[in-house]
Each structure stands twice: as C-alpha cells, then as structure tokens.
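Undergrad:
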Amino acid sequence: MRALPSRWPQWVRLGLALGALLFLASGCAMLPAEFERTPSRAVPLSPDTALGRIAKSAQPDPDLSGFRLMPGGDFALDTRLELARRAQRTLDVQYYQIHNDETGRYLLRTLRDAALRGVRVRLLMDDLYTSGEDELLLGLAATPNLELRLFNPFPAGRGSMLGRFSASLFDFSRVNRRMHNKLFIADGAMAVAGGRNIGNEYFTQTAGANFIDLDTFVAGALIPRLASLFDQYWNSDYVRPIETVVASSVPREERQRRFEALSGPQTTPPPRPPAPNDVLGYSPIVEDIKAGRLGLIWTRAEAYADSPDRVIGKQVTYGGIPLLDVDSVRYNVIEQIRRGRSDVTIVSPYLIPGKGGLEAMREVRRRGMKISVVTNSLAATDEPVVHTGYRRYREDMLRLGAEIHELSSQRTRRSVRLGLFGTQIGRLHAKSAVIDGRTLFVGSMNFDPRSDVHNTEIGLIIFSPEMAQQVLKLIEVLKQQGAYKVRFAPGTERIEWVSEEAGVEQVLTSEPDSTFWDRLMLEILAPLAPESLL
12 MRALPSRWPQ WVRLGLALGA LLFLASGCAM LPAEFERTPS RAVPLSPDTA LGRIAKSAQP
72 DPDLSGFRLM PGGDFALDTR LELARRAQRT LDVQYYQIHN DETGRYLLRT LRDAALRGVR
132 VRLLMDDLYT SGEDELLLGL AATPNLELRL FNPFPAGRGS MLGRFSASLF DFSRVNRRMH
192 NKLFIADGAM AVAGGRNIGN EYFTQTAGAN FIDLDTFVAG ALIPRLASLF DQYWNSDYVR
252 PIETVVASSV PREERQRRFE ALSGPQTTPP PRPPAPNDVL GYSPIVEDIK AGRLGLIWTR
312 AEAYADSPDR VIGKQVTYGG IPLLDVDSVR YNVIEQIRRG RSDVTIVSPY LIPGKGGLEA
372 MREVRRRGMK ISVVTNSLAA TDEPVVHTGY RRYREDMLRL GAEIHELSSQ RTRRSVRLGL
432 FGTQIGRLHA KSAVIDGRTL FVGSMNFDPR SDVHNTEIGL IIFSPEMAQQ VLKLIEVLKQ
492 QGAYKVRFAP GTERIEWVSE EAGVEQVLTS EPDSTFWDRL MLEILAPLAP ESLL
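All letters in the sequence shown, in the order written, are residues 12 to 545 by the working numbering.
1) Using 8 Å as the Cβ pair cut-off and three pairs as the minimum, do the region 63-75 and the region 274-291 touch?
2) Here's the rule: buried if 16 or more other CB atoms are within 10 angstroms of the residue's CB, otherwise exposed. What is residue 415?
3) Mapping DSSP to helix, strand and coil, what is residue 193?
4) Quick check: what's the CA-CA separation for residue 385 versus residue 147?
5) Quick one: Cα of residue 155 to Cα of residue 401, how far?
6) In whole angstroms, give me the CA-to-CA distance for residue 422 and residue 134.
7) With a threshold of 16 other CB atoms inside 10 Å of the CB of residue 531, please say whether the residue is buried or exposed.
8) Do residue 411 and residue 372 have their C-beta atoms within less than 8 Å of each other?
9) Quick one: residues in its chain with C-beta nearer than 7 Å to the C-beta of residue 356, no 5 flanking neighbours on either side, listed in chain order?
10) For residue 521, which residues of its own chain have a beta-carbon under 7 Å away from its beta-carbon, when the five flanking residues on both sides are left out?
11) Which full runs of the alpha helix (DSSP H) of 4+ residues lie inside the region 462-516, going along the chain?
12) Can you tell me whether residue 535 is buried or exposed? The criterion is at least 16 other CB atoms within 10 Å of its CB, across all chains shown.
13) Between residue 497 and residue 438, how many whole angstroms is the CB-CB distance? I'm expecting something under 8 Å.
14) For the alpha helix (DSSP H) containing residue 242, name the first residue and the last one.
15) Given a cut-off of 8 Å on the beta-carbon distance, is the pair residue 100 and residue 224 in contact?
16) With DSSP as the reference, identify every bridge partner of residue 309, one or two as the case may be.
17) Going by DSSP, what residues sit across from residue 315 in a beta bridge?
18) Among the residues of its own chain, which have a CB less than 6 Å from the CB of residue 64, if the five just before and after it don't count?
19) Once you ignore the five residues that flank residue 542 on each side, which residues in its own chain have a CB closer than 8 Å to its CB?
20) Are residue 420 and residue 494 closer than 8 Å when you measure CB to CB?
21) Can you give me the Cβ contacts of residue 241 inside the same chain, cut-off strictly under 7 Å, excluding the 5 residues immediately before and after it?
22) With DSSP run on the structure shown, which of helix, strand or coil describes residue 136?
23) Whose C-beta lies closer than 7 Å to the C-beta of residue 247 among residues of the same chain, with five residues either side of it excluded?
24) As a quick exercise: from 163, 170 and 121, pick the residue whose alpha carbon is nearest that of residue 143.
25) Check whether the region 207-221 and the region 74-94 are in contact - that is, three or more C-beta pairs closer than 8 Å.
26) Go through its chain and collect everything with a Cβ distance to residue 440's Cβ below 8 Å, but skip five positions before and after it.
27) In angstroms, rounded to a whole number, what distance separates the CA positions of residue 257 and residue 124?
28) Do residue 390 and residue 525 count as a contact pair if the criterion is CB distance below 8 Å?
29) Starting from residue 300, trace the alpha helix (DSSP H) in both directions and tell me its first and last residue.
30) I'd like the list of long-range same chain contacts for residue 329, defined as Cβ closer than 6 Å, with 5 residues on each side in sequence excluded.
31) Output the distance between the C-alpha atoms of residue 243 and residue 341, rounded to the nearest integer angstrom.
32) Could you check whether residue 467 and residue 192 sit closer than 8 Å to each other, using their CB atoms as the reference points?
33) Residue 540 to residue 458, Cα distance in whole Å?
34) Let me know if residue 378 comes out buried or exposed under the rule of 16 or more other beta-carbons within 10 Å of its beta-carbon.
35) Buried or exposed: which applies to residue 163, given that a residue is buried once 16 or more other Cβ atoms fall within 10 Å of its Cβ?
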C-alpha cells in the first residue's frame, strides 16, 4: 500500500529551513505570468434542475441551512460522485489534494463525464501534490465545458517534488503558502465541505490504513455563501489555468485520448458502494435524492474562508491569530470558543497551540471552562516532525487542566466500531470543535501554525445542539475505543498514557505503539524543526 500522504514533505520543511538544498537551486521560479481573465461566477440555484427543486422544496425557512454529517468515508465519496452524476448545470470543485489513485482518477472521470453532457465544471486544485501528473491533468482540461486551474503553481521542475522545490528555493515565501480548502458544490443547490481530500485513504477504500475524517452535506441558505467563497479563489490573482503553467503542443483530441488511457476502467475500477447505513443511522444521501426529499437537520450556520492573499503574506496577526481578517476561519472559531461558557472539545490531527493558543486556553480555563483535545499519537501521525511541535506544549496543556487523548494506531484496528478504518492502522484527519455542546465547527483547519498563518482554510460554524451531540458521541467512541488518555502520573509531572482493556486499566510510560527507533528519531528531529514551518 502506498504510504499515507503528508501535508508537507518533511525533508522539504527541514531542508529548506537548514539551507541544505541551496546547492540544488537551478534558478528562480516565480508565479507564471498573468493571463487574460474573464471573471467567472457561480450559477445560483434554479428550480429547473432536479437538485435545485429538491433542495428548494426541502428548505423549511429561507434563512436556514440543512446538514447531514458524514463520518463514514464510503458515504462521503458516494455523495460527491452522485452529486457529480446528477448535476445539470454546474460543478464547482476545490481541493488541496486529488491523488492519482483509484479514487482520485474515478472522481476526475466523473467530472469529465459531467462536462461531456454539458455541465460547466470548474476544478480548482492546489499545485503542491500534482508533481508528475501533468499529462493526466492536461488531458482532463482538454474536455469541453471543463476548466482546471491551479492555485499558487510551480512553473518549473514539475516532474518531481525535489525538482519543484529546487527550482523554487528563492521563492519559498510564496510556495510555502498553500490552499488547504476542500469544497464540492453541485448546481448551486447542494454541497459537501469538511476535512477530506480526494484519495483512497480518505474514503476507506483501502484494506490498509485509512483516515478517520469528517465531512458534512449542505443545502439551503449557506450555499450562496459557499459559492461566493469558491468564486473568490477561482478569480484570485494566484490562480492559473493549467495550460498557462504547463506548455503542451499535443492536440486537444490526443490529450483527451491520453486521459482516457490513464484513467480508464483497467486502471480505475469503481469504488466499493456504501453500506446501507452509517454509524449515525443514516442511509446514503442518494436515497433521499432519488425519493425527491432531503432528511436533514435545518439550523442557522455561517461559512468562512481565509483570503487567497495569504499567498503574499497579507495578514496582521497577534499570537498567530488574524486581527483584521474577520472572515478568516481561525478568527471566527476562536471567537466562538471565547464566547463559550462551559466546555470546548477540539479534534485536530496536527495540534500545535503555540504561545497564542496556549494563552487562549489559559483564558478559557480562567473562566472555568473545561478543555478536551483529541489528536494523533506519535505512532498514529503521518507527520512525526509535527508531533515534535505538539510535544513541546503537551505538558503545558496538562498543567492548565486540559484533558488530552491521543489516537492509538493499534486500538483503532482492534476496535469493532473503528476497525473499518483499516486492517493495519487508523489515523485521525478530522478537524472539528464543539463548544458548550451546542455549536459545531467542521472544516479544513488544523489547530497549528501552518493553518494559522501559511495555508488558506475553509470552515463551517453550525449552531445546532443536535449535530454537536452527534459529534460528541463520535468523539466519545474514539476516546473509549481508539485512544489513550494522557495524564501526569500521580504526584509527578511524568507523562503516562492510559487505556482500558477488558475492564482493566493499562498504563504506559513511553509513547505508545512506537519503537525505540521512532522515539530516537523524534529526539533527533525535535531541535531541527522550526515551529513556524510545521
């Protein structure tokens, strides 16, 4: 099985920080030249489309949005595919990563098929993880009615990650900033937002390790806002059509044939169908659509996205928190936490609070609020370097009275309810927060410096006690069956990891499920990992 992807290659972060790759530099690769732009806008919901009619008839109040959480990867993938198959006018699709694997290629083919039947498809991808995929993407972009744009592209060395960064070392301040957003909108009527990229591991399509993640289906009042956020990126100065980044003399028809060859049924079998019901008891959303109805939770909600201007560092911060950008995800999530009265639960695969975040926690604790955090253990994370940043603050968080749970790569495998995430290991990738058991955040933002400053993010704030309780129940299962509780040993400040197996408390005194060599590597990497690049 292919290794799980990292948010950012470790050798790139550390190598650039140390200057070890300077000798590889072959030139200065700046953002490609501007192209002649014709602004493109989202098409609003229309009752002339099937999805539009269903969404409109299901909405009980024009000010309310409808949601259905999708913790199951098979349901989340099936929803995206069915929206693409049933769209009649537009598809707006924005992702940080679309892997060149069975799931990624199948989704691209589904978008291609939609364009061929006359649907306008706008596909926006961050360019970090597209190395070696130019032929596939150029072939897709040759499809009539489909336009593929790259956010903050690498104009040189595109065949490999090493080549890209070798050619961009003197433009590091730009290429270090990435579009981490994940959004899928069909016919201006229905959408999917949350934490998942597009790849086998995000949708439980591999027998090995899969990510534990969370998306939500959306309809109603929030859709125009999500569409406007997509437009903001699509029309931004930091986006280029792939044809202006990758020169090709291959005729359009030949590029289309190559896409078919690269993504055909022989290399891209269809994904496994979803189960009849998910862990929340829901059936696949397509069953509702077929019946012409939507069984959703209708409530007030808000959507936010960071400005694309982060690419050039246009941001004023204090303690890592944006001061002036009131539309930023971080600002609005922190504001909701500060308004809380009793408790906050934070789920983040990459958790580095920093001094600013630690001070915010201290303020919350002074007001008597409980803090609970869930993150990956050393053995579960796909980013050991990031774990060194988290480890710097672990003891401080415990001293503040925060409750900490770390996902166990082995306990998730053994759990009956969590075993579906893989026969080898499960890794946390969901990003969410619950405040006072009433307000829910779901989105792409991690609680770390990269999401604070460098990456752009998208997030939904949903004012629904029912949905908040659903997420808290999912988190409780994760804590009890798939995680270790981290605490100080009684009477000391020595960290230990606690779990319960067959009713008996088990206590570990070193990083669980890890080897001596894992821990040794962590000690070596810790002093070499600047927090600002994690």
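Cβ coordinates follow ideal geometry from the N, Cα and C atoms, glycine included.
TA: A quick look at the data gives this:
1) With contact defined as three or more Cβ pairs closer than 8 Å, the region 63-75 and the region 274-291 are not in contact.
2) So residue 415 ends up on the buried side.
3) Strand, per DSSP.
4) Rounded to the nearest angstrom, the gap between the Cα atoms of residue 385 and residue 147 is 38 Å.
5) If I take the Cα positions, the gap works out to 47 Å.
6) Between residue 422 and residue 134, the C-alpha separation is close to 38 Å.
7) With fewer than 16 other beta carbons inside 10 angstroms of its own, residue 531 counts as exposed.
8) The criterion of a C-beta distance shorter than 8 Å is satisfied by residue 411 and residue 372.
9) Cβ neighbours of residue 356 beyond the five flanking positions: 383, 444, 445, 483 and 486.
10) Residues 530 of the same chain have their beta carbon placed closer than 7 Å to that of residue 521, with the five preceding and five following residues left out of the count.
11) Qualifying alpha helix (DSSP H) stretches, in chain order: 476-493.
12) It is exposed - the Cβ of residue 535 has fewer than 16 other Cβ atoms within 10 Å.
13) With 8 Å as the limit, residue 497 and residue 438 do not qualify as a contact, their Cβ atoms being about 17 Å apart.
14) Its alpha helix (DSSP H) spans residues 234-245.
15) Cβ distance not < 8 Å, so residue 100 and residue 224 don't count as in contact.
16) DSSP output for residue 309 lists 77 as bridge partner(s).
17) Looking at the DSSP output, residue 315 shares a beta bridge with 470.
18) Hits under 6 Å: 58.
19) Only residues of its own chain outside the window of five on either side were considered, and among them 363, 365, 400, 403 and 460 have a CB closer than 8 Å to the CB of residue 542, listed in chain order.
20) Cβ distance not < 8 Å, so residue 420 and residue 494 don't count as in contact.
21) Here residue 241 has 53, 103, 105, 194 and 196 as same chain residues with Cβ atoms under 7 Å from its own Cβ, once five neighbours each way along the sequence are excluded.
22) Residue 136: strand per DSSP, three-state reduction.
23) 319.
24) Closest by alpha carbon: 170.
25) In this structure the region 207-221 touches the region 74-94; the number of beta carbon pairs closer than 8 Å is three or more.
26) Counting only Cβ-Cβ distances below 8 Å, and skipping sequence neighbours, we find 206, 207, 213, 222, 223, 224 and 360.
27) C-alpha separation (whole angstroms): 23 Å.
28) In contact: residue 525 and residue 390 (Cβ atoms closer than 8 Å).
29) Start and end: 296-301.
30) Below a pLDDT of 50, predicted positions are generally treated as unreliable, and residue 329, at 49, falls in that range; no measurement from the model is reported.
31) Going by the C-alpha atoms only, they are around 18 Å apart.
32) Contact: yes.
33) If I take the Cα positions, the gap works out to 17 Å.
34) By the neighbour-count definition (other C-beta atoms within 10 Å, threshold 16), residue 378 is an exposed residue.
35) Buried, because 16 or more other Cβ atoms sit within 10 Å of the Cβ of residue 163.
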